[in-house]
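The structure appears right after this line, and notes come after that.
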Amino acid sequence: MKLKINSSLLVLFFLVIFILFYKSLKNTNVYTPEVSVEKDIPFFNSIIFNSEDKINSNEVFKNNQFYIFNIWASWCVPCRKEHSYLMQLSKKRNLKIIGLNYKDDTRKAKKFLNELKNPFDMILLDKDGTIAIEWGAYGVPETFIVFNKKIIKKIIGPITDQTLIEIENLTK
Amino acid sequence: MKYLKYFLIGLFVFNSNLASAQEINLHTKITKNLRCLICQGQSVYDSDSEFANSLKILVNQKLKDGDNEEQIYDYLKNKYGEWILYDPKFNKKTYFLWLLPILMFIIGGAIIRKLFYLKKN
Numbered sequence: 008m009k010l011k012i013n014s015s016l017l018v019l020f021f022l023v024i025f026i027l028f029y030k031s032l033k034n035t036n037v038y039t040p041e042v043s044v045e046k047d048i049p050f051f052n053s054i055i056f057n058s059e060d061k062i063n064s065n066e067v068f069k070n071n072q073f074y075i076f077n078i079w080a081s082w083c084v085p086c087r088k089e090h091s092y093l094m095q096l097s098k099k100r101n102l103k104i105i106g107l108n109y110k111d112d113t114r115k116a117k118k119f120l121n122e123l124k125n126p127f128d129m130i131l132l133d134k135d136g137t138i139a140i141e142w143g144a145y146g147v148p149e150t151f152i153v154f155n156k157k158i159i160k161k162i163i164g165p166i167t168d169q170t171l172i173e174i175e176n177l178t179k
Numbered sequence: 183m184k185y186l187k188y189f190l191i192g193l194f195v196f197n198s199n200l201a202s203a204q205e206i207n208l209h210t211k212i213t214k215n216l217r218c219l220i221c222q223g224q225s226v227y228d229s230d231s232e233f234a235n236s237l238k239i240l241v242n243q244k245l246k247d248g249d250n251e252e253q254i255y256d257y258l259k260n261k262y263g264e265w266i267l268y269d270p271k272f273n274k275k276t277y278f279l280w281l282l283p284i285l286m287f288i289i290g291g292a293i294i295r296k297l298f299y300l301k302k303n
């Protein structure tokens, strides 16, 4: 009797482990940071693209204005695909698009913009990538929608048809 | 007097070397405990991705600004979540992780006790 209980317990134990492992097989273990919204934008100092002027974030972001903060680089392939969406968004009057040129060569960045046109109202430089970290970004491209100095949406990866609609709805 | 001057210069050089060596050690320790989010499974210290390199620069800056290890972890946890740390802190999400080995040790101990010691008596 005791043996029976023991062996059935053993079977149950392995069954539980099997189910647990089997279920975890399908889980992806690639972690993406939680999309933390309603967070205040970080304070940072930067240099304006195409000039030597220094600027800080308080001078860039004003209240009662929608901003799209886009991290891009000329070496980043998805940024090319995303660019047409940014051009579309740049036609909207109530939006300002701020670009953060991430670890890029200024000459190549200029070439990129000449080729694909410039959707940005202002471009800031991030030579060593630390400003992107301040924003909690970890790759290019990443896009933040900012209102009243708060992040209201964060898009990891390039803008798509779907996220374009979301952005347009958010910034109406 | 001349010797004293040399001695002081020597002492200064030696001390500043020591101080920067400590800083490098701390930098290594911190970056080894940070997970690279681009190449997951590698630490920031081991990785050479753009993200990891920027993070190394940032940790360096923070150390120079006088932040301690705990402050840097808190700062990055706030940005990227607990997952960026290889050594997670004890809280309500991680208590099971921390207590499981102790629990297993206790249960194992109980089984051994039951099997060997109690049988003898």
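Protein chains in written order, with my numbering: chain A, 8 to 179; chain B, 183 to 303. Yeah, the Cβ is synthetic: ideal placement off N, Cα and C, and Gly gets one too. Quick caveat: nothing in here was measured; it's all calculated off a predicted structure.
- According to DSSP, residue 106 of chain A shares a beta bridge with A:77 and A:130.
- Per DSSP, residue 67 of chain A is one residue of the alpha helix (DSSP H) stretching across 64 to 67.
- Pairing residue 219 of chain B with residue 106 of chain A gives a Cβ-Cβ distance that is not under 9 Å.
- At a Cβ-Cβ threshold of 9 Å, residue 267 of chain B and residue 215 of chain B count as neighbours.
- With a minimum length of 3 residues, the unbroken runs of beta strand (DSSP E) contained wholly in the region 119 to 169 of chain A fall at 129 to 133, 149 to 154 and 157 to 163.
- Residue 150 of chain A and residue 285 of chain B have their alpha carbons spaced roughly 45 Å apart.
- Setting aside the 5 residues that flank it on each side, residue 210 of chain B is surrounded in the same chain by 227, each with a C-beta closer than 8 Å to its C-beta; the list follows chain order.
- Straight through space, the alpha carbons of residue 205 of chain B and residue 245 of chain B are spaced by roughly 8 Å.
- For residue 155 of chain A, the nearest beta carbon of chain B is not closer than 9 Å to its own beta carbon.
- In the assembly as shown, residue 114 of chain A is an exposed residue. Its beta-carbon has fewer than 16 other beta-carbons within 10 Å.
- When secondary structure is reduced to three states using DSSP, residue 47 of chain A falls in the strand class.
- At a beta-carbon threshold of 9 Å, the residues of chain A lying near residue 235 of chain B are 110, 135 and 136, ordered along the chain.
- In terms of CA proximity to residue 57 of chain A, A:111 leads the group A:148, A:111 and A:141.
- At a cut-off of 9 Å between C-beta atoms, residue 139 of chain A counts as an interface residue with respect to chain B.
- Residue 81 of chain A sits away from residue 131 of chain A, with the two beta carbons spaced by 9 Å or more.
- If you check the CB distance, residue 158 of chain A and residue 166 of chain A do not come in under 9 Å.
- Scanning its chain for C-beta atoms nearer than 7 Å, with the 5 sequence neighbours on each side dropped, one finds around residue 102 of chain A the residues 73, 75, 96 and 178, in chain order.
- Against chain B, the beta carbon of residue 148 of chain A has no neighbour under 7 Å; the closest one sits roughly 13 Å away.
- In the structure shown, the three-state DSSP call for residue 235 of chain B is helix.
- DSSP lists no bridge partner for residue 295 of chain B.
- Contact annotation: residue 140 of chain A and residue 261 of chain B have beta-carbon atoms nearer than 9 Å.
- For residue 53 of chain A, the enclosing beta strand (DSSP E) has its first and last residue at 52 to 55.
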